[in-house]
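Single-structure report; data block below.
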Amino acid sequence: MTTHSSVPLPVTARRTGPLAGTIKVPGDKSISHRSLIFGALAAGTTRITGLLEGEDVLRTAAAMRQLGAEVEKMEDGSWQVRGNGVGALAEPDTVLDMGNSGTAARLLMGLVASCPFTTFFMGDTSLHRRPMGRVRLPLEEMGALITSRSGGRFPLAVTGRDLMPIDYELPVASAQVKSAILLAALDTPGLTRVTEPKPTRDHTENMLRHFGATVTVTDLDGGGRRIDYQGQQELTAADIIVPGDPSSAAFIAVAAAILPGSDVTITNVGLNPLRDGIFVTLKEMGADIEIMNLREEAGERVGDLHVRASRLNGIEVPPERAPTMIDEFPVLFVAASFATGKTVMRGLHELRVKESDRIAAMAAGLKSCGVKFEELDDGLIIEGNGRAPKGGGKIETHLDHRIAMSFLVMGLAAEKPVTVDDGRVMETSFPGFADLMGGLGGQITADNHR
0 MTTHSSVPLP VTARRTGPLA GTIKVPGDKS ISHRSLIFGA LAAGTTRITG LLEGEDVLRT
60 AAAMRQLGAE VEKMEDGSWQ VRGNGVGALA EPDTVLDMGN SGTAARLLMG LVASCPFTTF
120 FMGDTSLHRR PMGRVRLPLE EMGALITSRS GGRFPLAVTG RDLMPIDYEL PVASAQVKSA
180 ILLAALDTPG LTRVTEPKPT RDHTENMLRH FGATVTVTDL DGGGRRIDYQ GQQELTAADI
240 IVPGDPSSAA FIAVAAAILP GSDVTITNVG LNPLRDGIFV TLKEMGADIE IMNLREEAGE
300 RVGDLHVRAS RLNGIEVPPE RAPTMIDEFP VLFVAASFAT GKTVMRGLHE LRVKESDRIA
360 AMAAGLKSCG VKFEELDDGL IIEGNGRAPK GGGKIETHLD HRIAMSFLVM GLAAEKPVTV
420 DDGRVMETSF PGFADLMGGL GGQITADNHR
């Protein structure tokens, strides 16, 4: 598994000509995590094609091995997971190191909550700062024992017990919390119900069905959604094709939209309706994005994106759309910097507790690149003039992969080069980002002479 050197690697993006070509982005991170987890819980052998081999997902692969599953990469590049069924995980003999992955941390806390042993978790400095209380509360309500540092943060220990099903209403829309509860419910007798105030990404529900389980989803008046799961259903191995990550595709799409003359096709992109908010928003801003070859694979909607350069206009993004694009707001902030007029983005409290405080980190970087904006408690209002920002900023990424890639996209079209303090963090979700952009004509280079 790749780990970050203690010595940062600055990376710089410079103004370039049009981007052109056809590319495929790495596999969806959310689906990759869940593919490994559900493959380890299913009886039989699951073959996974297109797995994202970024650091976060490799942490999940290592954890599933520690919990008793056989997980290996095959010669053809696919991955194979041999599971022993629900309730058959083994006690790990060492701590599970989640690195920087909040998704892996929260999902696996739910997974082991019903196991008859204690599992110890740790992560990197960034993960140790991230709140786990919203996962801890429902798991403790089900009967798990969770011991942690003050404030419920990592490192922590989960002692699994015979759990009781719960009827839980999420205080904040969160796919990770919902998924943690559903994973805890897998080996819990009785009906567990989760109600979410707004629909969040439903990869867990889709994958439960793909592995043969029955899960009932009911749309509620007011826009919420209720998920019912009867515990102790058997899961059967099922092959998975992981689509390209829409969060990764968003960086390419924005770069193509803001660089004059660009014409790029991104193939095999996951277009789950609860994940495609970034593309809906970019089209509302005037981006020339055509969706082609729509299809369904393993319960997920997939298509190809044809993106051409276009003039963008500021809009007010509906706050209720935030759950469908929460990870893409950093690069949307960049797109808004090139647009004409104000782009208003609210309802983004969740960005304050991601790998970094993404609102504050992006605000600092935007300021250093000459962008006019107003910072809000729950978002940003960015005022563009239809021209490329000055650029020239030296960006502190706070070990956040999306901050790094967002400002490198800006650097490709800004007047002056933009440098991020450590490009290695991009390996978390988008291995080979700089090389892929280079293949399309972008100029992103590492400073190897620090």
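Taking numbering that gives the first Met the number 0, the leading residue of the sequence shown gets 0, the next gets one more, and so forth. Note that CB positions come from ideal geometry on N, CA and C, so glycine has one too. The model shown is predicted, which means the values in this text are computed figures rather than measured ones.
Sub-8 angstroms separation of residue i and residue j beta-carbons
i: M404; j: F432; result: yes
i: N99; j: D55; result: yes
i: L57; j: L439; result: no
i: V316; j: V343; result: yes
i: E299; j: N267; result: no
i: P188; j: Q231; result: yes
i: I257; j: D303; result: no
i: R224; j: T217; result: yes
i: A237; j: F210; result: yes
i: R357; j: D399; result: yes
C-alpha distance - residue i paired with residue j, whole-angstrom precision
i: R33; j: H202; result: 8 angstroms
i: E395; j: P259; result: 28 angstroms
i: V70; j: K366; result: 45 angstroms
i: G101; j: R129; result: 8 angstroms
i: T80; j: S31; result: What sits at residue 80 in the sequence shown is Val, not Thr. Looking at the two C-alpha atoms, the distance is approximately 12 angstroms.
i: L190; j: L40; result: 19 angstroms
i: M108; j: V134; result: 8 angstroms
i: M0; j: V241; result: Note on M0: pLDDT 45, under 50, position unreliable in the model; the coordinate value appears next. The alpha-carbon atoms of M0 and V241 are separated by roughly 20 angstroms.
i: Y228; j: L138; result: 15 angstroms
i: T444; j: V10; result: 6 angstroms
i: V370; j: G392; result: 11 angstroms
i: P7; j: G410; result: 19 angstroms
i: A295; j: A212; result: This sequence places Glu at residue 295; Ala is not what is there. One C-alpha to the other measures close to 19 angstroms.
i: D262; j: A12; result: 19 angstroms
i: P430; j: E52; result: 7 angstroms
i: K341; j: N312; result: 8 angstroms
i: K23; j: V253; result: 15 angstroms
i: A413; j: F116; result: 54 angstroms
i: E382; j: R14; result: 21 angstroms
Residue span of the beta strand (DSSP E) that contains residue i, given as start and end
i: D287; result: D287 to E296
i: E373; result: K371 to L375
i: T461; result: The question about residue 461 has no answer, for the chain in this structure spans 0 to 449.
i: S77; result: From DSSP, S77 is part of no beta strand (DSSP E); its letter is neither H nor E.
i: G49; result: Element bounds for G49: n/a, residue is neither H nor E.
Assumed close pair residue i, residue j - CB separation to whole angstroms, cut-off 8 angstroms
i: A156; j: F119; result: 5 angstroms
i: H397; j: S355; result: 4 angstroms
i: R401; j: D326; result: 6 angstroms
i: T194; j: R274; result: Not really, about 21 angstroms apart at Cβ, beyond 8 angstroms.
Below-8 angstroms beta-carbon distance, residue i vs any chain B residue
i: L281; result: Absence of chain B from the displayed structure is noted, only one protein chain being present.
Residue i - containing alpha helix (DSSP H), residue span
i: M206; result: H202 to H209
i: R177; result: For the record, residue 177 in the displayed sequence is Lys; it is not Arg. Looking at the DSSP string, the run of the alpha helix (DSSP H) that includes K177 is A174 to A184.
i: G101; result: G101 to V111
i: K282; result: G276 to E283
i: R152; result: Premise fails: R152 is in no alpha helix (DSSP H) and is neither H nor E.
i: T124; result: T124 to R128
Residues that DSSP places opposite residue i in a beta bridge
i: I251; result: In the DSSP output, where bridge partners are listed per residue, I251 has none listed.
i: F119; result: A156
i: R13; result: Q442
i: N267; result: Bridge partners of N267: none, in fact.
i: E71; result: Q79
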